[in-house]
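Residue numbers (this note's numbering): 1 to 253.
Take a look at the structure:
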């Protein structure tokens, strides 16, 4: 595939998304990231990528606001044209997310709908609306969670939506195979990011429990994930398609 492809990463202002963006830029690709509230952080990521000699842009995108999806796709097409001189892009990484620990008996319809919109409905329709201008032989990478394989109390809504995206991934791989587009899903285990770091710091018992369950004896870092994204966007991964890849250091084996 060579270098100088364009990646779209939803939720790229911090944590995993930021690491993915920087690592893809280091590999020679241009990057568009999205942010919901962290505009200053997103602009810093753009600056960091520009310093690497690659092009970058940051677009506002609220995955919870399904009504705003068409407007976002229009702005995406516009920034591709004006900032990158292109009509299409190569890699879609559906990374944007939200988190909350909600016991099943306390879950509300509002909770359910929020997670549904962010983690499944928007992933489904953003992919549908952008795949017409993803280049042939491109990549779609969805982000799941280790909690679709093992259970953490309080994650019933979150993990259910991620399981839906895992099934969707296989269907997309089947439907887009004729265009040479591979579709895979990456399932990180517990990762220390600013997205959930407060939870780790305030709950050393939880951190200790996860480390005890993990073969490599530590929690994950964002840099444990970014390199896998680079690999999945490379020529070397062409024959990997429709797969769930767990990156958890061997938790709950």
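Using N, Cα and C, we set each Cβ at its ideal position, and we do this for glycine too.
- Excluding the 5 residues flanking it on each side, residue 155 has same chain C-beta neighbours closer than 6 angstroms at 147, in chain order.
- The straight-line gap separating the alpha-carbon atoms of residue 211 and residue 75 is approximately 42 angstroms.
- Between the stretch 24-33 and the stretch 109-119 there are fewer than three inter-stretch CB-CB distances shorter than 8 angstroms, so the stretches are not counted as touching.
- Take residue 213, set aside five residues on each side of it, and the residues of its chain with a beta-carbon closer than 8 angstroms to its own are 251 and 252, in chain order.
- Burial state of residue 104 is exposed, judged by a 10 Å Cβ sphere holding fewer than 16 other Cβ atoms.
- Inside the stretch 144-208, DSSP marks whole beta strand (DSSP E) runs of 3 or more residues at positions 182-188, from first to last along the chain.
- In the DSSP assignment, no residue is bridged to residue 210.
- Residue nearest to residue 107 within the set 160, 240 and 230 is 160 (criterion: CA-CA distance).
- Nearest neighbour of residue 63 by Cα position, chosen from 175, 46, 130 and 34, turns out to be 34.
- Leaving aside the five residues that flank residue 69 on each side, the residues in its chain whose CB is nearer than 8 angstroms to its CB run, in chain order, 122, 125, 126 and 129.
- The alpha-carbon of residue 9 is positioned some 19 angstroms away from that of residue 176.
- Under the three-state reduction of DSSP output, residue 135 falls in the strand class.
- Annotated three-state conformation of residue 60 is strand, per DSSP.
- Within its own chain, the residues whose Cβ lies closer than 6 angstroms to the Cβ of residue 133, once the five positions on either side in sequence are excluded, are 88, listed in chain order.
- Of the candidates 21, 85, 66 and 91, 21 places its Cα closest to the Cα of residue 58.
- Burial check for residue 186: the Cβ neighbour count within 10 Å reaches 16 or more, so the residue is buried.
- The shortest CA-to-CA distance from residue 164 to any of 149, 42 and 24 is the one to 149.
- Just so you know, the alpha carbons of residue 101 and residue 48 end up roughly 33 angstroms apart.
- In the three-state scheme derived from DSSP, where H, G and I count as helix and E and B as strand, residue 96 is classed as coil.
- Remark: C-beta atoms of residue 19 and residue 223 approach each other more closely than 8 angstroms.
- DSSP places residue 109 inside the alpha helix (DSSP H), whose first and last residues are 109-116.
- Between the alpha carbons of residue 228 and residue 138 lies a distance of about 16 angstroms.
- Within the stretch 22-90, the complete alpha helix (DSSP H) segments at least 4 residues long are 39-51 and 69-84, listed from N- to C-terminus.
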